[in-house]
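To convert, take the position in the sequence shown, counting from 1, and add 11; that gives our numbering.
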Amino acid sequence: MLSALLLRRLLAIQVVLTLAAAYVFGAEGWQEWALAGLLVLFGVAVTYWAVFQIIGPLETLTQAAQRMAGGETPSELAIRSRNEIGTLAAAFNSMNRQLTARFRDLEEQRTRVEQSHARLETVLGAMLEGVMAVDAEEGILFANHAALSLLDLNPAMMVGRPIWEVVRQAELVKLVRRALAGEQPPRMEIEVARTQVTVAATASPLPGQPVPGAVLVLHDVTELRRLERLRREFVQNVSHELKTPLSSIAAYADTLLEGALDDPQCRRQFVERISEQTERLHTLILDLLALGRLEAEEAVFELKAVDVNRIVAASVDAHLAVAQTKRLKLLKEGPSEPVYGIAEDEGLRIIIDNLLDNAINYTLEGGRIIVRWWSEREAVVIEVQDTGVGIAKEHQTRIFERFYRIDKARSRELGGTGLGLAIVKHLCQAFGGSVQVRSQLGQGSTFTVKLRGASADADLLPPPSRLSTAPLLPAS
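And the structure:
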């Protein structure tokens, strides 16, 4: 230490002075010894003055500097001497105050940066779009939850690794590399095989020269593409469904104009065919209008407690004649006491009629159809079970779509519009219920409708703004 070294030197000087005094004056007289003693005392006084006035403050300064070098913030030095050491201590205190203020500012800035970073991560993490950032060396800096989900990535094995090691889609890697090269590449769409998701991706370079990194933004467009496909299929199906009866009507009309009009037998037959096709066209248009109103939520119902027994009985009675012509057994099984569900009379009748039409059309001669209904906790369950041809598993999730047909030729031969089950689904949803199907090929199908239960005196009307007196199906 500096103070120990200086003290040793001062003591050495003191000894030298003492020996010199003894040598000069000799050791013969007491005066000489007294003078030597005074020199020794003077040396001791000088030594202690040096320790307290010079060595002590220097030691304090040294310790404070060492603490500051170790990252601590030393307290202000209490050195008030007017010599060079005091000046040095004042300069040290001033430097300490300035560094402390700067450290405080840096700490506040670091805190603000951390808070800003946390907010940014929260915002990016809550985004539905996937966001991924990479540096200039293609290393992944950040990826939010949506990006991990869309690309089926493991977050524990991602950050810091090159994007080409983690992302399996080569097109995305090429897109990011173009952005890192300073380009603004066009948007592209890829299919992620494992998640069966369609992703639209855009990449943009971060500002700076050279480009410090790039940001990849991913949009899940799977549902959008599905809706576009359904729209195209709907337009095609509507066009075909309208074209078929119109073509038949035109053909019969042309035949009549070309001379069949003069033949009474042909004339009646062709006019009957024109009438049948006209009725088919009319039914299709009514179903389209009804389904359009349901999907647009324009068909609003006055929901109330509906007597399910009465509606089911009326629908079964109306289909008995058609069932008998195909030698089908049409039965109903339900409780003797009334069962009430929250619905609307006309809408519930349409649900059961469409399910019975579907069962009759796809049940072979000699088959059986049973309509069951019962109360279950706070719900009402209606089942239409048949022994028909059945529905393959891959079709069961799509049969409630508009115009979806498993056997298109058989469906058109039977004269259906392809909209009945879609109307059933939307009506059940409008009533706050649901419809499901269970089926096996060759063993028949069971359609199950669940509605909210009610008591006989329930009066459950929607808000006035949702009330409508317009019928679901326009008058024919």
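From the three backbone atoms N, C-alpha and C, an ideal C-beta is built for every residue, glycine too.
For clarity, every value in this text was computed on a predicted model and none was experimentally measured.
Enclosing beta strand (DSSP E) for Lys340 [first to last residue]: Judged by DSSP secondary structure, Lys340 falls within the beta strand (DSSP E) whose first and last residues are 340-344.
Between Glu119 and Thr233, what straight-line distance do the alpha-carbon atoms span, to the nearest angstrom? Counting only the Cα atoms, Thr233 lies some 45 angstroms from Glu119.
Less than 9 angstroms between the beta carbons of Leu241 and Glu357, yes or no? The answer is no: Cβ separation not under 9 angstroms.
Leaving out the 5 sequence neighbours to the left and right, which residues in its chain are closer than 8 angstroms to Phe245 when beta-carbon positions are compared? If we look at Phe245 and ignore the five residues flanking it on each side, its Cβ neighbours are Arg413, Phe414.
Specify, as a first and last residue, the run of the alpha helix (DSSP H) that Leu438 falls within. In the DSSP assignment, Leu438 falls within the unbroken alpha helix (DSSP H) covering 431-441.
Tyr263 - DSSP class collapsed to helix/strand/coil: Correct three-state label for Tyr263: helix.
Cβ-Cβ distance between Ala225 and Glu182 below 9 angstroms: The Cβ-Cβ distance between Ala225 and Glu182 does not fall below 9 angstroms.
Among Gly141, Ala147, Val177, whose alpha-carbon lies nearest the alpha-carbon of Ser160? Measuring from the Cα of Ser160, the nearest candidate turns out to be Gly141.
List the DSSP bridge partners of Ile201. In the DSSP output, where bridge partners are listed per residue, Ile201 has Val210.
Cβ of Gly219 within 8 angstroms of any heavy atom in the ligand PLP? Inclusion of the ligand PLP in the displayed structure is not the case, the ligand content being empty and no account of it being possible.
If Lys343 sits next to Val382, beta carbons under 8 angstroms apart, how far is it from one beta carbon to the other, in whole angstroms? So it is a contact: roughly 5 angstroms between Cβ atoms.
With DSSP as the reference, please indicate the residues paired to Trp384 in a beta bridge. Answer by DSSP bridge pairing, in chain order: Ile393.
Examine the Cβ distances between the region 264-280 and the region 310-326 and report whether three or more of them are shorter than 8 angstroms. No, they do not touch.
How is Ser250 classed by DSSP in three states: helix, strand or coil? For Ser250, the three-state secondary structure derived from DSSP is helix.
Rounded Cβ spacing between Val187 and Glu149 (contact assumed at less than 8 angstroms): Right, the Cβ-Cβ distance comes to about 7 angstroms (below 8 angstroms), so this counts as a contact.
For the beta strand (DSSP E) holding Ser450, just list the boundary residues, first then last. First-last of the beta strand (DSSP E) with Ser450: 445-451.
Quick check: Val178 and Phe153, are their CB atoms within less than 9 angstroms of each other? Against a cut-off of 9 angstroms, the Cβ pair of Phe153 and Val178 comes out as no contact.
Which value, in whole angstroms, describes the spacing of the CA atoms of Asp364 and Asp328? Looking at the two C-alpha atoms, the distance is approximately 11 angstroms.
If I follow the unbroken beta strand (DSSP E) through Leu152, where does it start and stop? Element bounds for Leu152: 151-154.
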